[in-house]
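Asks: Heads up, the sequence shown is in the numbering used here, so the first residue is 19 and it goes up one at a time.
Think of the CB as a built atom: it goes at the ideal place given N, C-alpha and C, for glycine as much as any other residue.
The structure under discussion is supplied below as structure tokens; questions concerning it will follow.
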Amino acid sequence: MKFFYDARWIGDHGIGRVARVLDNALKFPHLEVEGSPSAPFDALRLWLATLKRIPKGSGLFSPGYNAPLFFSRRFVFTIHDLNHIDRTENSSWLKTLYYTIIMRRACHNASAVLTVSDFSRQRIIDWSGINPSRVINVGNGVDPSYNVNVAPYSPGFSYLLSVSNRKPHKNELRILQAFALSNIYPEIRLVFTGKPTEELLLQAKTLGISERLVFAGRVEESELPGLYRGALGLVFPSLYEGFGLPVIEAMSCGIPVLTSNTTSLPEVAGDAALLVDPDSVESIAKGIYTLCNDTDMRGSLCTKGLLQARKFSWDETIRKVQAALASV
Numbered sequence: 019m020k021f022f023y024d025a026r027w028i029g030d031h032g033i034g035r036v037a038r039v040l041d042n043a044l045k046f047p048h049l050e051v052e053g054s055p056s057a058p059f060d061a062l063r064l065w066l067a068t069l070k071r072i073p074k075g076s077g078l079f080s081p082g083y084n085a086p087l088f089f090s091r092r093f094v095f096t097i098h099d100l101n102h103i104d105r106t107e108n109s110s111w112l113k114t115l116y117y118t119i120i121m122r123r124a125c126h127n128a129s130a131v132l133t134v135s136d137f138s139r140q141r142i143i144d145w146s147g148i149n150p151s152r153v154i155n156v157g158n159g160v161d162p163s164y165n166v167n168v169a170p171y172s173p174g175f176s177y178l179l180s181v182s183n184r185k186p187h188k189n190e191l192r193i194l195q196a197f198a199l200s201n202i203y204p205e206i207r208l209v210f211t212g213k214p215t216e217e218l219l220l221q222a223k224t225l226g227i228s229e230r231l232v233f234a235g236r237v238e239e240s241e242l243p244g245l246y247r248g249a250l251g252l253v254f255p256s257l258y259e260g261f262g263l264p265v266i267e268a269m270s271c272g273i274p275v276l277t278s279n280t281t282s283l284p285e286v287a288g289d290a291a292l293l294v295d296p297d298s299v300e301s302i303a304k305g306i307y308t309l310c311n312d313t314d315m316r317g318s319l320c321t322k323g324l325l326q327a328r329k330f331s332w333d334e335t336i337r338k339v340q341a342a343l344a345s346v
């Protein structure tokens, strides 16, 4: 069966990076449709586009969670996680309505539902009530550009890195509190990707760590490996992840990782990361201290991390996606 591809997801965010990899590998013709795939009324727009631009006997594949309002063609889509309904801080009545009316129905009508971890797969099965055989974990991979031989970012100071995006589930307020509480050397700074918010700047001022907090702004994909490689470690105690690409990207760059003991993160990290309770500032602070000061653990995590990251290959993800689409 010939598939058309919703390439509107391609971008520098998590889903966008997956979408770009799949687009380059699958080389499906793009569905000609305007607007954002995450817009509230995209379901109607997508349905009309499938009617007009996808011939009968062909199908639509989306690397994201958008779905048409009605199903006149074969359809396969990807739910990376159920963050928008599992985390109240990321939800709204409109998102809840979309998931309930559009996405749950799409799960039952889709030829297959792809996802990226066993954690997300089980959540989708439990939430949607569809046959488990139709929910397929295709995983995620790490690009070869993330490796120990990249030139490290050298800003003139030692730093811990938090690859984040100002969304509430990234747990940034607790990261700041834990960093202030960790009792590590005051010369060590905390670098966030992205731009600051007034809330984070105020929190840093209140905690007395403003001088130790750095926002790197928009980081191009080509610059990210060096940013990882130059860091003392990755601090990623997210409250919710369907996969958590920064974990394996950091591991591939040979730095130790601190991450959460919840959702998909223990599955992705294995025994190669320092796991903490993301709801506990004290647990995160203790983890940060250990990450910076326990030389033996740092070495062990770096070695294990390189091996763990090799388990995740874009080639394998592409193979699983192709197999799922071929079965349709």
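Based on the DSSP output, what are the partners of Phe-21 in its beta bridges?
Replies: The residue you call residue 21 lines up with position 3 of the sequence shown. Per DSSP, Gly-77.
Asks: Thr-280 and Gly-262: beta carbons closer than 8 angstroms?
Replies: Within the sequence shown, numbered from 1, the residue matching residue 280 stands at position 262. Within the sequence shown, numbered from 1, the residue matching residue 262 stands at position 244. Not a contact, by the Cβ cut-off of 8 angstroms.
Asks: Give every residue of the same chain whose Cβ lies closer than 8 angstroms to the Cβ of Pro-55, excluding the five residues on either side of it in the sequence, and list them in chain order.
Replies: On the sequence shown, position 37 is the one that residue 55 refers to. Taken in chain order, the residues that qualify are Asp-24, Arg-26, Trp-27, Leu-64, Ser-80, Gly-82, Asn-84.
Asks: Okay, do the segment 328 to 338 and the segment 34 to 49 touch, 3+ Cβ pairs below 8 angstroms being the bar?
Replies: yes
Asks: Could you tell me the alpha carbon to alpha carbon distance between Ala-268 and Asp-144, rounded to whole angstroms?
Replies: On the sequence shown, residue 268 is found 250 positions in, with the first residue counted as 1. On the sequence shown, residue 144 is found 126 positions in, with the first residue counted as 1. Looking at the two C-alpha atoms, the distance is approximately 31 angstroms.
Asks: Would you grab the beta carbon distance between Val-232 and Val-209 for me? Rounded to a whole angstrom, and I think it's under 8 angstroms.
Replies: Counting from 1 along the sequence shown, the entry for residue 232 is found at position 214. Counting from 1 along the sequence shown, the entry for residue 209 is found at position 191. Contact between Val-232 and Val-209 holds, with the beta-carbon distance rounding to 5 angstroms and staying under 8 angstroms.
Asks: What do you reckon, are the CB atoms on Ile-103 and Thr-114 nearer than 8 angstroms?
Replies: Here residue 103 is taken as the residue at index 85 of the sequence shown, counted from 1. Here residue 114 is taken as the residue at index 96 of the sequence shown, counted from 1. Yes.
Asks: Are Ile-306 and Ser-200 closer than 8 angstroms when you measure CB to CB?
Replies: As a first step, residue 306 must be located in the sequence shown, where it is residue number 288. As a first step, residue 200 must be located in the sequence shown, where it is residue number 182. In this structure, the beta-carbon distance from Ile-306 to Ser-200 falls below 8 angstroms.
Asks: Let's test the definition: count the other Cβ atoms within 10 Å of the Cβ of Tyr-177 and tell me whether it reaches 16, buried, or not, exposed.
Replies: Here residue 177 refers to the residue found at position 159 of the sequence shown. Label assigned to Tyr-177: buried.
Asks: Are Arg-92 and Val-265 touching if we call contact CB-CB under 8 angstroms?
Replies: Locating residue 92 in the sequence shown gives position 74, counting from the first residue. Locating residue 265 in the sequence shown gives position 247, counting from the first residue. No. Outside cutoff.
Asks: Can you confirm whether the segment 141 to 157 touches the segment 205 to 224 when touching is taken to mean that 3 or more C-beta pairs between the two stretches lie within less than 8 angstroms?
Replies: no
Asks: So, at 6 angstroms on beta carbons, what are the nonlocal neighbours of Ile-206 in its own chain, with the 5 sequence-adjacent residues on each side left out?
Replies: In the sequence shown, counting from the first residue as 1, residue 206 sits at position 188. These residues qualify, in order along the chain: Ser-176.
Asks: By Cβ distance, which residues of its chain are closer than 6 angstroms to Tyr-171, with the 5 residues on each side in sequence left out?
Replies: Residue 171 sits at position 153 when you count from the first residue of the sequence shown. Correct list, in chain order: Gly-244, Leu-245, Gly-248.
Asks: Quickly, what does DSSP pair Asn-155 with across the bridge? List them, please.
Replies: Residue numbering aside, residue 155 sits at position 137 when the sequence shown is read from its first letter. Per DSSP, Thr-133.
Asks: Identify whether Thr-280 lies in helix, strand or coil by the three-state DSSP scheme.
Replies: Taking the sequence shown and counting its residues from 1, the one referred to as residue 280 is at position 262. Thr-280 falls in the coil class under three-state DSSP.
Asks: What distance in whole Å lies between the Cβ atoms of Ser-282 and Gly-317, which are believed to be in contact at a cut-off of 8 angstroms?
Replies: Start at 1 with the first residue of the sequence shown, and residue 317 comes out as number 299. Start at 1 with the first residue of the sequence shown, and residue 282 comes out as number 264. Contact doesn't hold; Cβ gap of about 26 angstroms is too wide.
Asks: Taking the continuous alpha helix (DSSP H) assigned at Thr-321, which residues delimit it?
Replies: Your numbering for residue 321 matches position 303 in the sequence shown. That run of the alpha helix (DSSP H) goes 313 to 327.
Asks: Could you tell me the boundaries of the beta strand (DSSP E) in which Gly-251 lies?
Replies: If you number the sequence shown from 1, residue 251 lands on position 233. From DSSP, the beta strand (DSSP E) with Gly-251 extends over 251 to 254.
Asks: Hey, would you say Ile-202 sits closer than 8 angstroms to Cys-271, going by beta carbons?
Replies: Here residue 202 corresponds to residue number 184 of the sequence shown, with the count starting at 1. Here residue 271 corresponds to residue number 253 of the sequence shown, with the count starting at 1. Not closer than 8 angstroms, so no.
Asks: When DSSP builds the beta bridges, which residues end up paired with Arg-92?
Replies: For the purposes of this step, residue 92 is taken as residue 74 along the sequence shown, with counting starting at 1. Note: Arg-92 sits in a beta bridge opposite Gly-77.
Asks: Do Pro-274 and Leu-319 count as a contact pair if the criterion is CB distance below 8 angstroms?
Replies: The residue labelled residue 319 in the question sits at position 301 within the sequence shown. The residue labelled residue 274 in the question sits at position 256 within the sequence shown. Yes, these two residues count as a Cβ contact at 8 angstroms.
Asks: Under a three-way DSSP split, which group does Phe-197 fall into?
Replies: Counting from 1 along the sequence shown, the entry for residue 197 is found at position 179. Note: Phe-197 maps to helix in three-state DSSP.
Asks: For the beta strand (DSSP E) that Val-209 lies in, which residues bound it at each end?
Replies: Counting from 1 along the sequence shown, the entry for residue 209 is found at position 191. Run containing Val-209: 207 to 210, per the beta strand (DSSP E) assignment.
Asks: Between the Cα of Pro-162 and the Cα atoms of Phe-22, Ser-228, Leu-242, which residue gives the shortest distance?
Replies: Position 144 of the sequence shown holds residue 162. Of the candidates Phe-22, Ser-228, Leu-242, the one whose C-alpha sits nearest the C-alpha of Pro-162 is Leu-242.
Asks: Report back the beta-carbon spacing between Ile-148 and His-98 to the nearest angstrom; my notes put them in contact at under 8 angstroms.
Replies: Along the sequence shown, read from residue 1 onward, the residue named residue 148 stands at position 130. Along the sequence shown, read from residue 1 onward, the residue named residue 98 stands at position 80. 17 angstroms between Cβ atoms; not a contact.
Asks: Taking the straight line between their C-alpha atoms, what separation do you get for Leu-16 and Ile-120?
Replies: Because the chain here runs from 19 to 346, residue 16 falls outside it and cannot be looked at.
Asks: I need the DSSP call for Val-294, collapsed to helix, strand or coil.
Replies: Residue numbering aside, residue 294 sits at position 276 when the sequence shown is read from its first letter. In this structure, Val-294 counts as strand in the three-state DSSP scheme.
Asks: What are the boundary residues of the alpha helix (DSSP H) that Leu-64 is part of?
Replies: As a first step, residue 64 must be located in the sequence shown, where it is residue number 46. Where Leu-64 is concerned, the enclosing alpha helix (DSSP H) stretches over 60 to 71.
Asks: For Lys-322, which residues of its own chain have a beta-carbon under 7 angstroms away from its beta-carbon, when the five flanking residues on both sides are left out?
Replies: On the sequence shown, position 304 is the one that residue 322 refers to. Result list for Lys-322: Asp-289, Ala-290, in chain order.
Asks: Please check the pair Val-160 and Ala-342, which I expect to be a contact at CB under 8 angstroms, by giving their CB distance rounded to whole angstroms.
Replies: Within the sequence shown, numbered from 1, the residue matching residue 160 stands at position 142. Within the sequence shown, numbered from 1, the residue matching residue 342 stands at position 324. At roughly 21 angstroms, the Cβ-Cβ gap does not stay under 8 angstroms, so Val-160 and Ala-342 are not in contact.
Asks: Taking the C-alpha atoms as reference points, what is the distance between Arg-367 and Lys-70?
Replies: Because residue 367 is not part of the residues shown, which for the chain are 19 to 346, the question remains open.
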